[in-house]
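Structure record follows, encoded as structure tokens.
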Amino acid sequence: MGSFIIALKTVLPLFLIIFAGLIFSKTKAASETWVDILNKYALWIGFPALVIASLMNLEVEGESYLKLILLNSAYIVISMLLAFPVARIFKLSKRMRSSLFLVFSFGNVAYLGIPVLFNAFGTEVLPTAAILSAVYLFWLLTLGIILIESNSKKEIDIKKIGLNLVKNPLLISIFIGLLIVFFKLKLPMIFEETINLFSNSVTAVVLFSLGIFLGFNKVGHPGEWIQVFIFAVLTMLVLPFIYYLSIKQAGLDSMQFDASILDASMPLGVTPYALAVQYKLETTVVARIVVLATSLSIFTIPLWMVVLS
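My numbering applies: residue -8 is where the sequence shown begins, and numbers increase by one.
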């Protein structure tokens, strides 16, 4: 119990920021437009700065991220493909199956995952966190979209998928950060300090934005939440536990292992909801999973921290 309380104290400040955003939305001090503005700041400025700041001082000698990338890629791909048997067994619609490609595979590894890992392990985990976020984004924006478009009988636009990857600020920032590392570039102090200022701001911004987003979602009838609850438990507890058992002896160092499991247990992120809207999927179900899973994660994340400790 003591370990759980310590883990809870680690993540509680993050959820207090989310709660502040929730209060702002409920009191009408913030409007829904805030979510879009704050998320754009995080996507185009805050997170890229955080990624570059975390990679600038990375020592690549003697440390390999290949196994980390391969294991997490396998987990994401298998989780996506799990939508096929689940949809078949429970006779779900094609729209629901497409929604499950997103629900099963993409937790909130950036907006919530990076702050959680940073609070739990400090600055040394940030390169690992950045690489994990890139891996999740890569598969979401490639295989995820391919499955959704093929499921809807649309012609797959490879050019569009490629452009989405090339234009993604997080992937661009990782590329820039790695260039700095491999070529041992030293930025002028004024640029380093500017990047650090932006990177230090992003955690509070995105969590506050997430709280506002949650506050503007309709509650709905209790009976409608049964399916939502099942999917939330499956993605935050069942699948991560299977993953935990599968890679326990895979040879990852302790920080990479812990970061992989914690990211796998993150609640559904806002990006899948945006894609669900774009592709006209089960947006209400996806939005409710985001709301419920994020609410439950105040207990499930500390629980995983206790398991990993």
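Glycine included, each C-beta is placed from N, C-alpha and C at the ideal position.
Small disclaimer: the values here were computed from a predicted structure and weren't measured.
Expected contact under 8 Å - CB spacing of residue i and residue j to nearest Å
i: ASP249; j: LEU299; result: 5 Å
i: VAL268; j: VAL219; result: Wrong, their Cβ atoms sit about 17 Å apart, outside the cutoff.
i: THR226; j: VAL126; result: Not a contact, Cβ separation roughly 17 Å.
i: LEU259; j: ILE292; result: Wrong, their Cβ atoms sit about 14 Å apart, outside the cutoff.
i: ASP254; j: LEU123; result: 5 Å
i: VAL197; j: ALA33; result: 5 Å
i: PHE204; j: VAL26; result: 5 Å
i: ILE152; j: ILE136; result: 6 Å
For residue j and residue i, the rounded distance between their alpha carbons
i: ASN187; j: LEU283; result: 33 Å
i: GLY53; j: ASN99; result: Residue confidence is low: GLY53 scores 46 on pLDDT, short of 50, so the model does not pin down where it sits. No coordinate-derived value is stated.
i: PHE173; j: SER55; result: 14 Å
i: LEU294; j: GLU115; result: 22 Å
i: ILE28; j: ALA74; result: 33 Å
i: ILE163; j: ALA101; result: 15 Å
i: PHE109; j: LEU117; result: 7 Å
i: ARG88; j: LEU138; result: 10 Å
i: GLU273; j: SER84; result: 10 Å
i: ASN142; j: ILE181; result: 49 Å
i: SER200; j: THR24; result: 10 Å
i: VAL77; j: SER90; result: 12 Å
i: LEU103; j: THR185; result: 23 Å
i: PRO344; j: LEU161; result: Residue 344 lies beyond the stretch modelled for the chain, which goes from -8 to 300, so this question has no answer here.
i: VAL224; j: TYR66; result: 17 Å
i: LEU72; j: ILE217; result: 23 Å
Own chain residues within Cβ distance below 7 Å of residue i, not counting five before or after
i: ALA121; result: VAL42, SER45, LEU46, ILE165
i: GLN247; result: LEU59, THR119
i: GLY168; result: VAL42, ILE43, LEU46, MET47
i: PHE6; result: ILE289
i: PHE112; result: MET246
i: SER70; result: PHE95, SER96, LEU230
i: LYS0; result: none
Same chain, Cβ closer than 6 Å to residue i, neighbours up to 5 away in sequence not counted
i: ILE(-4); result: none
i: ALA278; result: ASN208, TYR264
i: THR262; result: none
i: SER304; result: It is not possible to answer for residue 304, since the shown part of the chain is limited to -8 through 300.
i: ILE36; result: PHE189
i: LEU131; result: PHE97
i: PRO4; result: none
i: TYR270; result: ILE139
Collapsed DSSP secondary structure at residue i in the structure displayed
i: LEU259; result: strand
i: GLY12; result: helix
i: GLY104; result: helix
i: GLY53; result: In this prediction, GLY53 has a pLDDT of 46, which is less than 50 and means its spatial position is unreliable; nothing more can be read from the coordinates.
i: GLY98; result: strand
i: SER143; result: coil
i: PHE38; result: helix
i: LEU272; result: coil
i: LYS239; result: coil
i: TRP295; result: helix
i: ALA20; result: coil
i: PRO204; result: Here residue 204 turns out to be Phe, not Pro, going by the sequence shown. Helix, per DSSP.
i: LYS150; result: helix
i: LEU287; result: helix
i: LYS301; result: The structure shown does not extend to residue 301, since the chain spans only -8 to 300, so no value can be given for it.
i: PHE248; result: helix
i: SER300; result: coil
i: SER190; result: helix
i: ASN159; result: coil
i: PRO76; result: helix
i: LYS82; result: coil
i: LEU59; result: helix
i: LEU128; result: helix
Cβ-based neighbour list, residue i, same chain, cut-off 8 Å, excluding 5 preceding and 5 following
i: VAL62; result: According to the sequence provided, residue 62 is Leu. The question's Val does not apply to it. Taken in chain order, the residues that qualify are ILE238, ALA241, LEU243, SER251.
i: PHE81; result: none
i: GLY202; result: ILE8, ILE9, PHE10, ALA11, GLY12, LEU13, ILE14, PHE15, SER16
Discussion item. Count Cβ pairs between the region 149 to 158 and the region 274 to 288 that sit closer than 8 Å; are there 3 or more?
Written reply: no
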